[in-house]
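Under the working numbering, think of the first position of the sequence shown as 2, with each following residue one higher. Glycine residues also receive a C-beta, built at the ideal position from the N, C-alpha and C atoms. Right, one structure below, let's go through it.
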Amino acid sequence: MYNPRSLKAEEFIDHQEILDTLAYAEAHQNDLPLIHQIIDKAAGCKGLTHREAAVLLLCDDPGARARIFEQAAKIKDAFYGNRIVLFAPLYLSNYCVNGCTYCPYHSKNHHIPRKKLTQDEIRREVIALQDMGHKRLALECGEDPVHNPIDYVLESIQTIYSIQHKNGAIRRVNVNIAATTVENYKKLKDAGIGTYILFQETYNKEQYEALHPTGPKSDYAYHTEAMDRAMQAGIDDVGCGVLFGLNLYKYDFVGLLMHAEHLEAVHGVGPHTISVPRLRDADDIDASQFQNGISDALFQKIVAVLRIAVPYTGLIVSTRESQKTREMVLPYGVSQISGGSRTSVGGYADGGEEEDSSQFEISDNRTLDEVVHWLLERGHIPSFCTACYREGRTGDRFMRLVKSGQIRNCCLPNALMTLKEFAEDYASPDTRRLALDMIQQEAQTIPNDKVRDIVYQHLNDMDGGMRDFRF
Ligand code: SAM
C-alpha cells in the first residue's frame, strides 16, 4: 500500500508504514552501532529517511543525543549560518465554518468577536507592521466561502503589495489559508505569493476526523493532498507542519517526513519550510485537555532531528513559544521566527484595545525591536530578506543553490543589507548600534571578493537613503 509517488493521501501517508516505522524505531532505540551509523550519514548533509529519523528521535542514549545536537548545529551553520529570518502573521478574518476542536475560530464558538478586515483596515494593519520594520508577512484566515472567498484574499494581497509607506514595503506575502482547488492555487500564484503554508494538524486519519468533525476541513484526503494541488498549480514553495499536542508526536513526526519525501518524489522538490507549532490555550480552548502535549526537551529534540533529516528545508518557530524555548531551539536548526506578533484580527493597528479576537495566546510578547536586539546579542543576524522569490529562486532553483552552498554568497549579503535598512529606519538607538557592529563584522566574511565589494558599496549607498538592494 505505501507508495511515496502515489497522489492518494492514504498511500503516501500510509498508516501501516507509520506503525511499522515506529515499531522499527522502538526495536532499535538502543542499537548504538545503528544509531551512530545514522548520525554519520546525517553528517553528509544529504538528509535521512523517515525510518532513520524515527530511530534518532526515539533513542535516549546521552552520547548519541549529544551527537545529534552537535550535527544539527553544524548543519544549521553550514546552510543557514547565523541568520534568522523574521516575519509576522497578519490575521485577515476569523470567520470560519469549520469545527476544529482545538481552534477558537470553530463555528460553534458564538462568543468570540468575529471580525473581517476591510481593505482600509488592512492598510492600517500593514502600515503598523511596516512601522515596526516588517517586510515579510504570513496571511492567516479562517475558512468561510461567504465571508472570506478567494477573491477577498486576492484583493487583500494586492492591497498589501501596493502599500508604500515611508521607506517601507511588504515584499513577501506568504499565505496560510485552507486547502483549496488547483484553480484557486493558480490565482494565488498569479497574485505573487511567497510560500503557501498549510498545517496538516495531524497525519493520523482517525484522529484528524475526530478533531475536525464538521466543515470542509473534515475531509482528510482533500486536506492532505492540498500541497500536490498547490504544486500542480505552479506554487513551488510550500510550507508544511503539524500542530504538536493534538496526536502522538512520534506518529506525526514520521508523517511529516513522509509528506516531505512524497513531495520530493512527485514534484522534485520537498517543502520549502516546516513549522513546528505547539497547541496553546485560546478563547474557549484549554490546551491541558488535550492528552498529547510535549515537553520543551522533546520539542528541542524534534527540531534537531528535523534539521538533520531535511537539511534544505527552513524551520519556523512562532511566538507560540516563549523567549526561553526559542533560545533552546535557535542554534539547532531554526531559520525563521515571527516577532512582535498579534494573532487577533486588527491587532496591530488597534494596539490590543479592541475586543479580543485572537486565535491563541502568545508566549513571546516582545516588540520586534526587542526580538532583533535579543538575536543580535546572542550572535544571530536578524534578516528581513525577501530576495529569493523576487529573483525567481524558488522551488528546485532555490534548493540547488542551498545544496551547492552558494546560498552563502546570496543570503549573507541580503541579510546584512536588510538588517541595515532595519537599523536605519526602525531600530532603537541601542539595537541600531548592535546591528551596525554586526554588519561591519559579518560583511568581512562574505566569501566572494566581488560580492563583498558590491555589498560595501550598497551599505554605503544606504547611508544616502537608497533602499532595497538585493542579490
Ligand atoms: N484556516 C486555515 C486552515 O484551516 O489551515 C488557516 C488556519 S489557522 C489561521 C493557522 C493554524 O493555527 C492552524 O493550522 C493551526 O495549526 C493553528 N492553531 C489553531 N488553533 C491553535 C491553538 N489553540 N494553539 C496553537 N495553534 C493553533
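Within the DSSP secondary-structure output, C142 pairs in a beta bridge with S94.
In this structure, the straight-line span from the alpha carbon of N149 to that of A179 is close to 11 Å. Ranked by Cα distance from V304, the first of F291, Y333, D253 and K251 is Y333. The C-beta distance from R172 to R391 rounds to 7 Å, short enough to fall under 8 Å. Relative to the ligand SAM, even the nearest heavy atom lies 7 Å or more away from the CB of R327. Look at the beta carbons and you see the segment 250 to 259 touching the segment 199 to 211: at least three pairs across the two are nearer than 8 Å.
In this structure, Y313 is the residue among V98, E126, A44 and Y313 with its C-alpha nearest to the C-alpha of I408. Rounded to the nearest angstrom, the Cβ distance from N95 to G143 is 5 Å, consistent with a contact under 8 Å. Taking 8 Å as the cut-off, the Cβ atoms of L130 and L189 do not count as close. With a cut-off of 7 Å, the C-beta of K218 is classified as near the ligand SAM, since at least one heavy atom of the ligand falls inside that distance.
In the structure shown, T419 adopts helical secondary structure according to DSSP, grouped into three states. For T320 and H29, the gap between their C-alpha atoms comes out near 35 Å. The count of Cβ pairs closer than 8 Å, one atom from the segment 355 to 367 and one from the segment 54 to 72, stays below three, leaving the stretches out of contact. When only Cα atoms are considered, G465 and E422 end up about 12 Å apart. Under a 10 Å Cβ-count criterion, M467 is classified as exposed, with fewer than 16 other Cβ atoms of the shown protein chains found around its own Cβ.
In the DSSP assignment, Q324 falls outside any beta strand (DSSP E) and lies within the alpha helix (DSSP H) extending over Q324 to V330. Residue burial is scored here from C-beta neighbours: A310 has at least 16 other C-beta atoms within 10 angstroms and is therefore classed as buried.
C389 has its CB no nearer than 7 Å to any heavy atom of the ligand SAM.
DSSP places R173 inside the beta strand (DSSP E), whose first and last residues are R173 to N177.
For V335, the three-state secondary structure derived from DSSP is coil. Closest in C-alpha terms to G294, from the list F245, Y221, V86 and C386, comes F245. Inclusion of N177 in the 7 Å shell around the ligand SAM follows from its C-beta lying nearer than that to a non-hydrogen atom of the ligand.
According to DSSP, residue pairing for R84 in a beta bridge involves I382.
Judged by their CB atoms, I275 and L316 are nearer to each other than the 8 Å cut-off. Nearest Cα to K187 within the set M228, L264 and R52: M228. Look at the beta carbons and you see the segment 212 to 231 not touching the segment 157 to 170: under three pairs across the two are nearer than 8 Å.
Excluding sequence positions up to five before and after V318, its CB lies within less than 7 Å of the CB of V277, R327, V330, V335 and I338, all in the same chain and listed in chain order. Setting aside the 5 residues that flank it on each side, L93 is surrounded in the same chain by K117, L118, I123, L140, E141, C142, N149, Y153, V154, S157 and V346, each with a C-beta closer than 8 Å to its C-beta; the list follows chain order. For L33, the enclosing alpha helix (DSSP H) stretches over residues L33 to A44. A distance criterion of 7 Å places the beta-carbon of I286 in contact range of the ligand SAM, judged by its closest non-hydrogen atom. Beta bridge pairing from DSSP links G294 with no other residue. Taking the Cβ atoms as the reference, L49 lies roughly 6 Å from I39, within the contact range of under 8 Å. Taking C-beta atoms as the reference points, D351 and I113 fail to come closer than 8 Å. Cβ-Cβ separation between N4 and E11: approximately 10 Å, too far for a contact (criterion under 8 Å). Residue range G396 to K404 is occupied by the alpha helix (DSSP H) that includes V403. The continuous beta strand (DSSP E) containing S276 extends over residues T274 to S276.
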